[in-house]
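Student:
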Amino acid sequence: MLKVKPFQLIILAIIIFSVLFPFLGQSSIKESTHGQELDRINIELGAELSKEEMPVVGFRHDLHTQSAEGKCTACHTETDDGMVFKFKRTDETASMDFYHNNCIACHLDKKAANEKTGPAAAECRTCHTGAQPQSTAWTKLDFDKSLHYVHTMAKVIQSKDGSTSDNCSACHHQYNETTKEIFYAAGEEESCTYCHKPEPKDNIRAIRQASHDSCVKCHQTLKTKNTEAGPVTCSGCHDKREQQKIQPVSDIPRLKRNQPDTVAMTGWDINTRETNGFMDGVAFNHKGHETRTRSCKACHHQTLEKCNDCHTPEGGDQKGGFVSLAQSMHDLKSDRSCIGCHKELTKNADCAGCHFQMPGKKDGAESCNTCHNLAKTDLKSMDNQAVAKKALTDLSQRYRQVKPDRIPETIVIDVLADEYMPSQFPHAKIVRAIAQRVETSNLARAFHTDQAGLCMGCHHNSPKTLDPPKCASCHSKNGPGPDGRPGLKGAYHGQCITCHQKMDVKSVAATDCVKCHEKKK
Amino acid sequence: MAISRRKFLGSLGAAIGAGTTGALKKAYGASNKHFEGYPGSAGVLHDTTLCIGCRKCEQACNAVNELPKPDTPFDDLSVLDTGRRTRADAYTIVNAFDTPGKVFVKKQCNHCLEPACASACFVKAFKKTPRGPVVYDASLCVGCRYCMVACPFNIPAYEYDNVLTPEVTKCTMCAPRLKEGRLPGCVEACPREALVFGERKKLLKIARARIQKYPDQYVDHVYGEHEMGGTSWLYLSGQSFESIGMREDLGTTSAPELTSGPLSAVPIVVGLWPVLLTGIYAISQRKDKVAREEQDAAVQAAKVQVSEEMNQKLEVQKEKMTKEKTAAINFEVKKALEEAEKEREAAAQAVEEGTDDPVPENSEDNGKQER
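Going down the list, the sequences are from chains A and B. In terms of this note's numbering, the first sequence has 594 at position 344, counting the first letter as 1, and numbering is strictly consecutive. In terms of this note's numbering, the second sequence has 272 at position 269, counting the first letter as 1, and numbering is strictly consecutive.
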C-alpha cells in the first residue's frame, strides 16, 4: 500500500495551489482596475506631499459608504456646522502618512473582525491604480426648473432669513467682498455656476466642492433626522440611470425673481434713446421662453442681468467675451442665441420636413422684421413693455389660413410616367398635415405669417403665391443640370422621400414604389 | 593625384547607386506635375446620403449587360444586409450599413484614373480610356487574374463557371452606351438621383457645393478625389467612409506610380543578367583550367624526381654488389690458394715419408695452379 507522509501532502497542496492561483490577490486587482466605476474619486497629493510619486489612488466612495453601512462619521468628522466632507479631518492638508495610517488601520481592523476589506500595507498597487477614464455612466446633474421647484416646495428646507413665504435663502447667497461674508439678497438670486466655476478661483469654491458641501451635507443631515431627503451617494446624483428615475414636475409655476413678461430689446441705450444706426427693437416673450427652457441658464449663461449689460452693440467689452449684441442674438452655432436655438428646433420631426431642405434660407427684410417688429418711434413715445406686449399679441394673431377651395385636393403627376402609372398625389392631405403641425405650435405660428407661406416648403424658390409654377419649370426631365440642380425625377423623389424621412413618416417606405404609383401592366 | 584603391571603389559604387536609383524613380517631389485624369473625362458621383437601397441600379445593370437572372429577385431587399461583393454575374451591388441610421452604398468598378488592374495586366487587356471608363479586352486576356489581386477595391470577378472561355468581368461604366450618348444603366435607373453622371471635374464641384450647403449632413471629404491617385467614381457620405465599408488606408498615390520603380528595373535586370552570369561562368571555368594544368605539371615533376631517386639507389646497390662479389672471389681464391698450399705441403711430407699415393683431385688443383 502506498504510504503518504504528511509533509508530502503539504508540498503537493502548495504546488496545486500555486498553479491554480499564480498571483496572490489577483482577484482584488482585477476588481479595482476595470475603470468604469462611477463613484471613483482620485486621491492625489502631488509630488511634494507624497514622497514617492506613486500613481493616483482611485478611491471608490460608494463601496466604502456601503462598507460603513452608511455611517458617514466612519470617515468624516462632524462639526457644529454639519459634516465635513474631508477624510477624517476638518481643515488641514492631508499627508501621505495620514492616508496610509488611517486607511490601512481601518482595513486591518476589519480584517481582524473577519470582514471583507481593502488592502493592507505592501499591497501598494491595489490602491494606487492610476487615473482611470471617467465612467461613461457618470453625468453632470442638471439642476433644472423641476428639481428647483421640488426644493422650493420642500417643507424641510427652511429659509435662513426667517422668511415664511419662501425658502430661497436656504441655498441662494451672495458674497460680500469687504466683510468676507456671505449674505442673502432677496430678488437677486442667481444660478450657482455664475460664481462657482468648474475650477476654484480666489476663495470661491469650485462648483463640485460647493455643491457637494451644500447638497450632500443637507441631504445627509436630513437623513440622520430620519427625514426624506435627496441622495447622498455618488451614483444617486451622477448615475444616468438614477437621474432618469427622477420624475420631472410638469406645470411648474414661474420662478419669482421679478422678471418681466415681455421685453422690448433694443441695441441702443434705453436711457439716451439715441436710436440712429440701430435696428428696430425686438419684442421678446420672456414668459413664453421661461416655460420652454430647462432653466434660466439656457439663455442667461453667465448672469441674470440684461443681455446688453455684457454684450454691447459694438462687442468691445471683455465682460461679454467681445461678442457683440447682434452676434449674441444671431450666432447660428450657439444654443444660447435666438437664431441658434430656433434653428436647432427646426430639426424636430414636425419642422424638419421643410426646414431641412432649405438650410439657411433667408427672405431678406421679411425675415428680419418678424423679430425686429418694434418701431423706434413707438419705443420713444410709449411704454416699452406695453409696446412689446402689443407687438407680441399682433404676432400671435397674424397667422391667416388659405381658403380650402384654393388648395387642390389631388394632383396627378404624369410627366414622367413610364415604368409606373401616373402618381395620384394627395396634395390637400399633405397641406393639412403640415398646417396642423404649424398651427398647434405657438413658436411656429409666430414665425409662419400665413398658411400660404407653408406652400413654400415644397414650392421652394418660387415667390409666395397660391399659383406656383410647375416643378418641371426648373427641374429638367433630362436629369440633373450641370450646376448640380436635381433633375425632375430626382426632385420629385427627393422632395417626397426626404420629407418623409425627416418627419418620421413610417407608413410610406422609400422603397415601396407602388405605394405612390402603381406598376404599369 | 594620389587616390587609394579603397576610395576609388567607394566612389565607383556611389556613382552606380545614384545612377540606378535616379533611373528608377522620377523626381516628382520637386514638381507639381501629376496626372489628374484625362481632360473632360467622365465620372459618376454617388451620394450615399440619398441612396434608399431600392436596387434599381442593380436591376438596370443586369438588364443592360444582359447578365443571367439572379437567384433572388431585385425587389427582395433583404440581400442588402448580407455584405455582398461584385461577382461575374453582378457588376454592381448595393450593401446596407448600420451606422447611426441605415446607409446604403453602391459598389462597382471605380474606374481609377490610373488603374491598378491595367498596370498589373501584362497583356494590356485593361485600358483606361480618355473618356473615363476602364475597359477590358477579352481577346487579349490570358486568365492570370493578376488584375483581381491588384485591384484595391476588390472589384474584378472571374467566370469560374465558364470552363472553356472564362473572362474577367467588371463594370464598364457602360462604355458602349456612352458612345451612343446614353447614360450608364444604373445612373439612368436611380430614382433618387443618388448617382449623377457627368464630367469628373464638374462632379467634384457639385460634391463640394453639397458639402457646403449641408455641412451637418456630410463628412467633409469627397471619396475618390485623391484615393489611389483619384477615381472616376466619386462618393459623398454622412458617416465616416470606413464605417460604410470603404477603405481609408489606400493613400493618394496611384498603383502604377507605386510599382513603376521596381518594374522599371526589370529591363536592366533582364539585359544585364546573362552578361553577368556568362562572365562569372567564364571566370570560374578559367580558374579550373589553370588549376588542372598546375596539377599536371606538379605530378610530372614528382614522377621525374621519384625515378631519379630510384636510379640513384639502384646504382649504389649495384656498386655494393660488385664490391661484395669481388671480395667473395678474392676470398675464395685466397682460400683455394691456401688449400693448395696445404696439399702441396702434405704431398711433400708424404713424399718425404715414402708414400707416394696419387690423389684424384690433384689434376684439378694443378690446373688451377697453372692459371
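Backbone N, C-alpha and C fix where the C-beta goes; we use that ideal spot for every residue, glycine too.
In terms of residue numbering, what span does the beta strand (DSSP E) encompassing R290(A) cover?
Tutor: Taken as a continuous stretch (DSSP letters only), the beta strand (DSSP E) holding R290(A) covers 290-293.
Student: In the DSSP assignment, find the unbroken alpha helix (DSSP H) run with V97(B) in it and report its ends.
Tutor: Run containing V97(B): none in the alpha helix (DSSP H); it sits in the beta strand (DSSP E), 96-102.
Student: Please report whether the beta-carbon of P730(A) lies at a distance below 7 angstroms from any beta-carbon of chain B.
Tutor: So, interface residue.
Student: What is the DSSP secondary structure of Y349(A), counted as helix, strand or coil?
Tutor: Note: Y349(A) maps to helix in three-state DSSP.
Student: For L116(B), does the count of other Cβ atoms within 10 angstroms reach 16, so buried, or fall short, so exposed?
Tutor: So L116(B) ends up on the buried side.
Student: May I ask you to list the residues that DSSP assigns as paired with W236(B)?
Tutor: Note: W236(B) sits in a beta bridge opposite V47(B).
Student: Please go through the stretch 43-90 of chain B and give each complete beta strand (DSSP E) segment of 3 or more residues, from N-terminal end onward.
Tutor: Listed in chain order, they are 45-50.
Student: DSSP on I495(A), reduced to helix/strand/coil?
Tutor: The question names Ile, yet the displayed sequence has Lys at residue 495(A). K495(A): helix per DSSP, three-state reduction.
Student: Against chain B, does A263(A) count as a neighbour if the rule is that its beta carbon must be under 7 angstroms from one of theirs?
Tutor: Output row for A263(A): interface = no.
Student: If we cut at 7 angstroms on Cβ distances, does A212(B) have a partner in chain A?
Tutor: Taking Cβ atoms only, chain A reaches closer than 7 angstroms to A212(B), which makes this a yes.
Student: Report the partner residues of M515(A) according to the DSSP bridge assignment.
Tutor: Answer is V532(A), bridged to M515(A).
Student: Just to make sure I have the definition right: I need the residues of chain B whose C-beta is within less than 8 angstroms of the C-beta of I747(A). Which are they?
Tutor: Neighbours of I747(A) on chain B, chain order: I55, R195.
Student: Is L239(A) near G531(A), with beta carbons less than 7 angstroms apart?
Tutor: No statement about residue 239(A) is possible, as the shown extent of chain A runs from 251 to 771 and does not include it.
Student: Alpha carbon to alpha carbon, how far is K29(B) from G274(B)?
Tutor: Caution applies to K29(B), whose pLDDT of 49 falls short of 50 and renders its modelled position unreliable; the model cannot decide the point.
Student: Give the straight-line distance between the Cα atoms of R339(A) and G380(A), rounded to the nearest whole angstrom.
Tutor: Between R339(A) and G380(A), the C-alpha separation is close to 24 angstroms.
Student: Along the stretch 660-686 of chain A, what residues have a CB closer than 7 angstroms to any CB found in chain B?
Tutor: Cβ contacts with chain B come from no residue of the stretch 660-686 of chain A.
Student: What distance in whole Å lies between the Cβ atoms of K626(A) and T525(A), which are believed to be in contact at a cut-off of 8 angstroms?
Tutor: With 8 angstroms as the limit, T525(A) and K626(A) qualify as a contact, their Cβ atoms being about 4 angstroms apart.
Student: Between which residues of its own chain and I158(B) is the CB-CB distance below 6 angstroms, once the five residues before and five after are set aside?
Tutor: Result list for I158(B): T89, C112, K173, in chain order.
Student: For a test of the three-state rule: what should DSSP assign to D644(A), helix, strand or coil?
Tutor: In the structure shown, D644(A) sits in a helix (DSSP, three-state: H, G or I).
Student: Spatial neighbours of L660(A) within its chain, please: C-beta separation below 8 angstroms, excluding the five flanking residues on both sides.
Tutor: Per the sequence shown, residue 660(A) should be read as Thr rather than Leu. The answer, listed in chain order, is Q674, F675, P676, H677, A678.
Student: May I ask you to report which of helix, strand or coil DSSP gives V400(A)?
Tutor: Here V400(A) sits in helix by DSSP.
Student: In chain order, which continuous runs of the alpha helix (DSSP H) of length 4 or greater are located wholly inside the stretch 412-454 of chain A?
Tutor: Counting whole runs of 4 or more residues, the stretch 412-454 of chain A contains the alpha helix (DSSP H) stretches 442-445.
Student: Go through the stretch 580-615 of chain A residue by residue and report every complete run of the alpha helix (DSSP H) that reaches 4 residues or more, in order.
Tutor: For the stretch 580-615 of chain A, whole alpha helix (DSSP H) runs of length 4 or above, ordered along the chain, are 588-595, 599-605.
Student: How far does the beta strand (DSSP E) with I661(A) in it reach, from first residue to last?
Tutor: Taken as a continuous stretch (DSSP letters only), the beta strand (DSSP E) holding I661(A) covers 661-663.
Student: Secondary structure at G740(A), three-state DSSP: helix, strand or coil?
Tutor: DSSP places G740(A) in helix when its eight states are reduced to three.
Student: Have a look at E427(A), V400(A), T428(A), N426(A) and flag the residue whose alpha-carbon is nearest the alpha-carbon of D416(A).
Tutor: For D416(A), the nearest C-alpha among the options comes from V400(A).
Student: Of the residues that make up the stretch 598-630 of chain A, which ones have a beta carbon closer than 7 angstroms to any beta carbon in chain B?
Tutor: Per Cβ criterion, the list reads P609.
Student: Mind checking if G740(A) is an interface residue toward chain B, Cβ cutoff 7 angstroms exclusive?
Tutor: Closer than 7 angstroms to some Cβ of chain B, the Cβ of G740(A) qualifies, so yes.
Student: Determine, for A760(A), whether the minimum Cβ-Cβ distance to residues of chain B falls below 7 angstroms.
Tutor: Output row for A760(A): interface = yes.
Student: Taking its Cβ as the centre, do 16 or more other Cβ atoms sit within 10 Å of S631(A), making it buried, or is it exposed?
Tutor: The residue is exposed, with fewer than 16 neighbouring Cβ atoms inside 10 Å.
Student: Helix, strand or coil for K752(A) per DSSP?
Tutor: If DSSP states are grouped into helix, strand and coil, K752(A) belongs with the helices.
Student: Take K366(A) as the anchor and find which of H314(A), S574(A), C708(A) has the nearest alpha-carbon.
Tutor: For the residues H314(A), S574(A), C708(A), the minimum Cα distance to K366(A) belongs to H314(A).
Student: Cutting at 6 angstroms between CB atoms, please list the residues of its own chain near Q568(A), excluding the five before and the five after it.
Tutor: Correct list: empty, nothing qualifies.
Student: Are the C-beta atoms of G538(A) and some chain B residue less than 7 angstroms apart?
Tutor: Not one chain B Cβ lies under 7 angstroms of G538(A).
Student: Taking the CB atoms as reference points, tell me whether L472(A) and V406(A) lie closer together than 7 angstroms.
Tutor: A contact, by the Cβ cut-off of 7 angstroms.
Student: Might you give, ordered along the chain, the residues of its own chain that have their beta carbon closer than 8 angstroms to the beta carbon of L666(A), omitting 5 neighbours on each side?
Tutor: The residues are K727, L738, K739, Y742.
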